[in-house]
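**Q** Here's a structure for you.
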Amino acid sequence: MIKYIFAMFCMMGFLNSCGQKLYKIEKDKYGEPLLNDKAEYSFKEKPTEEHLKIIDTTAYYFQVFEGRFYNEDEMKNPKIMIFHNDGYFRETSRLSFEKFDEHRGKNSVYYGGKYKIKDNEIFIEEFRPASPGRTKWYIRRIIKGKIENNKIIFNEGLVSVFEKRKNQSIK
């Protein structure tokens, strides 16, 4: 037992020294991890009219497969981003589109997150599990992307490219 406590103490010290703040997020009765007063988005401002000319809140942004290698499973199930005019975005995929909507609101970690725009750059803020698998501990992550015409390109980590589509079916 003492070894376990010591190991946990060492792990928490290591994680703390890495500069990542951990947030404990509890799940509701439907299994949705909900943000609370200690785990909030830092992006508070809503998009301006100028920003809404840059990002289309009436369109879907589908992941397109360029810029890196993609496996078969990724290509069968592209990610989809939907931006709202209140500063939130929804992240889903072709196979899970509308599948979890009944109990998943904007305060759910799995909904997506918030975004802000500065010139032709977009910043998205989201909470992700601190480690793979089931966890109560999450980290806040901010990712920078570039808006080019009808595409959003995220270059941090793996390259992800999203292209604006208005009249194409999700399924």
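Counting from 1 along the sequence shown, just add 3 to a position and that's the residue number in this note's numbering. Yeah, the Cβ is synthetic: ideal placement off N, Cα and C, and Gly gets one too.
1. Mapping DSSP to helix, strand and coil, what is residue 56?
2. Looking only at its chain, what residues have a beta carbon closer than 8 Å to the beta carbon of residue 126, apart from the 5 residues adjacent to it on each side?
3. How many angstroms separate the CA atom of residue 89 from the CA atom of residue 97?
4. Using beta-carbon positions only, say whether residue 150 and residue 57 come within less than 7 Å of one another.
5. Quick check on residue 26: buried or exposed, where buried means 16 or more other Cβ atoms within 10 Å of its Cβ?
6. By a C-beta neighbour count over all protein chains shown, 10 Å radius and 16 as the cutoff for buried, is residue 108 buried or exposed?
7. Whose C-beta lies closer than 6 Å to the C-beta of residue 103 among residues of the same chain, with five residues either side of it excluded?
8. What's the call for residue 44, buried or exposed, on a 16-neighbour Cβ count within 10 Å?
9. To the nearest angstrom, how far is it from the Cα of residue 157 to the Cα of residue 115?
10. Closest by CA to residue 110, which one among 55, 54, 40?
**A** A quick look at the data gives this:
1. To locate residue 56, count along the sequence shown from 1; it is residue 53. Note: residue 56 maps to helix in three-state DSSP.
2. In the sequence shown, counting from the first residue as 1, residue 126 sits at position 123. Excluding sequence neighbours, residue 126 sits near 46, 118, 119, 120, 145, 146, 147, 148.
3. Within the sequence shown, residue 89 is the residue found at index 86, counting from 1. Within the sequence shown, residue 97 is the residue found at index 94, counting from 1. Residue 89 and residue 97: Cα-Cα distance of roughly 24 Å.
4. Position 147 of the sequence shown holds residue 150. Position 54 of the sequence shown holds residue 57. Against a cut-off of 7 Å, the Cβ pair of residue 57 and residue 150 comes out as a contact.
5. The count along the sequence shown starts at 1 and reaches residue 26 at position 23. Buried, by the Cβ-count rule.
6. Indexing the sequence shown from 1 puts residue 108 at position 105. Exposed, because fewer than 16 other Cβ atoms sit within 10 Å of the Cβ of residue 108.
7. Stepping through the sequence shown from its first residue, residue 103 is reached at position 100. Nothing listed; no residue qualifies.
8. To locate residue 44, count along the sequence shown from 1; it is residue 41. The residue is buried, with at least 16 neighbouring Cβ atoms inside 10 Å.
9. Locating residue 157 in the sequence shown gives position 154, counting from the first residue. Locating residue 115 in the sequence shown gives position 112, counting from the first residue. Between residue 157 and residue 115, the C-alpha separation is close to 15 Å.
10. Mapped onto the sequence shown, residue 110 falls at position 107. Ranking the options by Cα distance to residue 110, first place goes to 40.
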